[in-house]
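In terms of this note's numbering, the sequence shown opens at residue 41 and continues consecutively.
Where is the CB? At the ideal position from N, CA and C, for every residue including glycine.
The structure appears right after this line, and notes come after that.
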Amino acid sequence: MTVSYLDPTAEEGVPVHAYEFYLDTTKTFTLGLVANTFPDGTRFMDKLEPALAELAPNATIKRFQKPGLLPIEGDQLDAIQAECDAVIAGWGH
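Right under this line is the structure:
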């Protein structure tokens, strides 16, 4: 009996574009952490914040909480954009 091996790797369907991080982390910057409404989303940010603070000592970290299931918009989105140079959003379940 002959054994056939199949390679499940697909061909690239969309060209890959390298992600470039444009924020200069050698200078002072503000990093926003946005948690969703699930309890473990906030707990995740509670663990992430001190790790990021250690990795990025030039960062001031601001916390935000989504008010509900809908996307962030309006005044809260305006505040995040005005106050932060970069944002990490965390979703829990």
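Q. Should L110 go down as buried or exposed, given a rule of 16 or more other Cβ atoms within 10 Å for buried?
A. exposed
**Q.** Nearest-angstrom beta carbon gap, I120 and F104 [assumed within contact, 8 Å]
**A.** 6 Å
Q) Are the beta-carbon atoms belonging to A91 and A99 less than 9 Å from one another? A) Not in contact: A91 and A99 (Cβ atoms no closer than 9 Å).
Q. Start and end of the beta strand (DSSP E) containing F69?
A. For F69, the enclosing beta strand (DSSP E) starts and ends at 69-75.
Q | Residues that R83 bridges to, as DSSP identifies them | A | DSSP, once it has assigned bridges, lists no residue as partnering R83.
(Q) Judging by CA-CA distance, which residue of T49, T77, C124 is the nearest neighbour of G130? (A) T77
Q: Return the CA-CA distance between M85 and T66, expressed in angstroms with no decimal places.
A: 23 Å
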